[in-house]
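There are 2 protein chains.
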Amino acid sequence: MGLLVVGSVAFDSVETPFGSVKEALGGSAIYISVAASYFTAPVRFVAVVGGDFPKEHIRFLEERNIDLDGLQIVQEGKTFRWGGRYHYDLNMRDSLYTELNVFEKFNPVIPGSFKNSAYVCLGNIDPILQRQVLERVAKPRLVVGDTMNYWIESKPKELAETMKAMDVIVVNESEARLLTNEPNLVKAAKRIMKLGPKIVIIKKGEHGATLVTEDTIFSAPAYPLENINDPTGAGDAFAGGFVGWLARTDDLSAENLKRAVVYGSTLASFCVEKFSVDGLKDLTYLQIQDRYRSFVQLSRFDER
Amino acid sequence: MGLLVVGSVAFDSVETPFGSVKEALGGSAIYISVAASYFTAPVRFVAVVGGDFPKEHIRFLEERNIDLDGLQIVQEGKTFRWGGRYHYDLNMRDSLYTELNVFEKFNPVIPGSFKNSAYVCLGNIDPILQRQVLERVAKPRLVVGDTMNYWIESKPKELAETMKAMDVIVVNESEARLLTNEPNLVKAAKRIMKLGPKIVIIKKGEHGATLVTEDTIFSAPAYPLENINDPTGAGDAFAGGFVGWLARTDDLSAENLKRAVVYGSTLASFCVEKFSVDGLKDLTYLQIQDRYRSFVQLSRFDER
Chain A
998 MGLLVVGSVA FDSVETPFGS VKEALGGSAI YISVAASYFT APVRFVAVVG GDFPKEHIRF
1058 LEERNIDLDG LQIVQEGKTF RWGGRYHYDL NMRDSLYTEL NVFEKFNPVI PGSFKNSAYV
1118 CLGNIDPILQ RQVLERVAKP RLVVGDTMNY WIESKPKELA ETMKAMDVIV VNESEARLLT
1178 NEPNLVKAAK RIMKLGPKIV IIKKGEHGAT LVTEDTIFSA PAYPLENIND PTGAGDAFAG
1238 GFVGWLARTD DLSAENLKRA VVYGSTLASF CVEKFSVDGL KDLTYLQIQD RYRSFVQLSR
1298 FDER
Chain B
998 MGLLVVGSVA FDSVETPFGS VKEALGGSAI YISVAASYFT APVRFVAVVG GDFPKEHIRF
1058 LEERNIDLDG LQIVQEGKTF RWGGRYHYDL NMRDSLYTEL NVFEKFNPVI PGSFKNSAYV
1118 CLGNIDPILQ RQVLERVAKP RLVVGDTMNY WIESKPKELA ETMKAMDVIV VNESEARLLT
1178 NEPNLVKAAK RIMKLGPKIV IIKKGEHGAT LVTEDTIFSA PAYPLENIND PTGAGDAFAG
1238 GFVGWLARTD DLSAENLKRA VVYGSTLASF CVEKFSVDGL KDLTYLQIQD RYRSFVQLSR
1298 FDER
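Chains as they are written, first to last, in our numbering: chain A, 998 to 1301; chain B, 998 to 1301.
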């Protein structure tokens, strides 16, 4: 089996109405891997950091059984930094600064021991890099990809090429609409399916997530949390929980895809309760199962 | 039993990216009653129209087994008119004009035969009028009320008084936040419960609806329609389906409240497929049951 995760590692400085953190551990590869690590191990990690990346983060990732053979440490460089501020309703945020640093010249090198990965999760990075990753691994069983408005607008051709190789794409509502120029989300999902991914997941933040395939539409609610402190990384935690569950079970049936969506939602719900990756740090499998069952309670009604 | 519905009757002129209608039948009392009429009959209707209200609409309402004893026809006046235009993504609309006409001096007179109604649904009208209605009926088993930003901002004290007498309040997300000054929807719902209604339903448009009670949270998705033509009345159709189901079953258990939310969502989904009340005109009970089962498909996943 084996799950390979590629993406960014960042120091995030985040302000929300409920607090703030400075240069806390973040980035798509981090959130995806940590979330997935509750389901499958070791998670194969490919990313780049600078010489300023502290040993405590390395230790944390190793403790989560994340295989860092694919982590490039550019000693003379600095780790990617991002700063953002969330509005009062947490659905809107302003980017305050983005310092790419070592991430600007990231060349995803795949260690030999990672090349046979059956599951690949491409975090939100340049679609050219995403494609390079896929060229450097043997044929995986499932490729899950993320992207963002920035790439949809700045590199549409490159993204279109990469999307052809994705089995699953995980996008939010505005990305789905922007990709297809179609406001209706069901139609947008169906158009995306013509661009490559046969499985489309539309993340809707506090409104949950919808899975669309050729013959299935499934909507999972978001967990109704009273205390959301930091939405950063929720989408990546979703992707990590989703692909981690699939890698664990190696079952791509419609029923198991639905379960995977709920596990993704489960990890996202833990993620947003605390700042940075704190919400994903010390979970037990029992806690995850309990919250999964809460999703059952939340959405179950009599069939007649 | 008996379900009493009070609200507005309007001639709506609506433009959406998919078409338009001029002076079509609309108003909260209309949408609520027509939706509810698929579950319980006769629906007791209290509203006001002008002398310009055509006989064909009267016939339509009578055919739906709606009891018009409470319909006041002010021969020398004109029916309430509203015009609006929806944006491309249908989540935003601009009101183009509002002509209250006979609705401005609406005094909801409750016919004697309506006073024993066990279920009362108060459409979105002045909270003072809503309270008058409740003073004029014997103690109902369940009072469901709607409101809107306009009343929350312009008559907060009157609304607070009326809310004390509501068992269920049906609000959308922005109304819930405005009522409580609380962006988190779970917290907002809990605060609303302290203002009177022990059952709070938050309508989320294309994202479904969430039911919150003391010990239950339940989220129903919206039906993933590919063709939405006119969102007007969806919230009222939801309320009508919800209260109609409860009046039919006379069962206020948590399990049945969940079913009622899904029946509300079902009627709302039919409503938005066509302009005005056309989507609610010629449904069969079988069609409604089929769509209810589609909601099961849409939201069901394995418990473990």
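Virtual Cβ for every residue (Gly too), placed ideally from N, Cα, C. Model, not experiment: these values are computed from the prediction.
At a cut-off of 8 Å between beta carbons, K1201/B contacts chain A.
Flagged as an interface residue toward chain A: L1087/B, by a C-beta distance shorter than 8 Å. The Cβ atoms of A1265/A and A1234/A sit closer than 8 Å to each other. Secondary structure note for Y1116/A: its beta strand (DSSP E) is the uninterrupted segment 1116–1119. Taking C-beta atoms as the reference points, V1006/B and I1027/B count as a pair closer than 8 Å. E1252/B and S1025/B have their alpha carbons spaced roughly 27 Å apart. Of all residues in the region 1069–1085 of chain B, those with a C-beta nearer than 7 Å to a C-beta of chain A are Y1085, reading in chain order. Annotation for P1124/B: W1148, K1152, E1155, L1156, T1159 place their beta carbon closer than 6 Å to its own, counting only its chain and skipping 5 residues before and after. Residues of the region 1174–1202 of chain A with a C-beta atom less than 9 Å from some C-beta of chain B are R1174, P1180, N1181, L1182, V1183, K1184, A1186, K1187, K1201, listed in chain order. For N1169/A, the beta-bridge partners assigned by DSSP are K1200/A. V1293/B is positioned such that its CB atom lies no closer than 8 Å to that of I1198/B.
A check of alpha carbon separations from M1163/A across N1146/A, T1037/A, N1121/A identifies N1121/A as the nearest.
Between V1141/B and V1240/B, the C-beta spacing is below 8 Å.
The CB of L1295/B comes closer than 7 Å to the CB of I1214, F1215, S1216 in chain A, given here in chain order. Annotated three-state conformation of V1274/B is coil, per DSSP. In terms of beta-carbon proximity, D1248/B stays away from the interface with chain A, with every pair separated by 8 Å or more. Bridge pairing for F1042/B: V1002/B [DSSP]. For K1195/A, there is no enclosing beta strand (DSSP E), as DSSP gives it neither H nor E. For Y1083/B, the number of other beta carbons within 10 angstroms of its own is at least 16, and it is reported as buried. Between the C-alpha atoms of C1118/A and L1175/A there is a straight-line separation of about 22 Å.
E1252, N1253, K1255, R1256, V1258, V1259: these are the residues of the region 1248–1268 of chain A whose beta carbon lies less than 9 Å from some beta carbon of chain B, given in chain order. One thing to note: T1037/B has its Cβ within 8 Å of the Cβ of R1245/B.
Counting only runs of 3 or more residues that sit fully inside the region 1126–1192 of chain B, the beta strand (DSSP E) segments are 1139–1143, 1165–1169, in chain order. Interface with chain B (8 Å Cβ-Cβ cutoff): P1221/A is included. Using a C-beta cut-off of 8 Å, the region 1269–1281 of chain A makes contact with the region 1216–1231 of chain A, since at least three inter-stretch Cβ pairs fall below that distance. DSSP places E1053/A within a helical segment (H, G or I) once states are collapsed to three.
If you check the CB distance, V1165/A and K1200/A do not come in under 8 Å. In the structure shown, A1231/A adopts helical secondary structure according to DSSP, grouped into three states. At a cut-off of 8 Å between beta-carbon atoms, E1211/A makes no contact with chain B. Remark: C-beta atoms of V1002/A and V1045/A do not approach each other more closely than 8 Å.
Inclusion of K1075/B and V1099/B in the CB contact set at 8 Å is warranted, their separation being smaller than that value. With a 10 Å radius around the Cβ and a threshold of 16 neighbouring Cβ atoms, E1211/A comes out exposed.
Put simply, the CB of D1299/A is near chain B, with a gap under 8 Å to one of its CB atoms. Q1284/A has its alpha-carbon roughly 14 Å from the corresponding atom of R1301/B. A buried status is given to T1013/B, since no fewer than 16 other beta-carbon atoms sit within 10 Å of its beta-carbon.
Residue pairing by DSSP places I1122/B opposite no residue, since no beta bridge is assigned to it.
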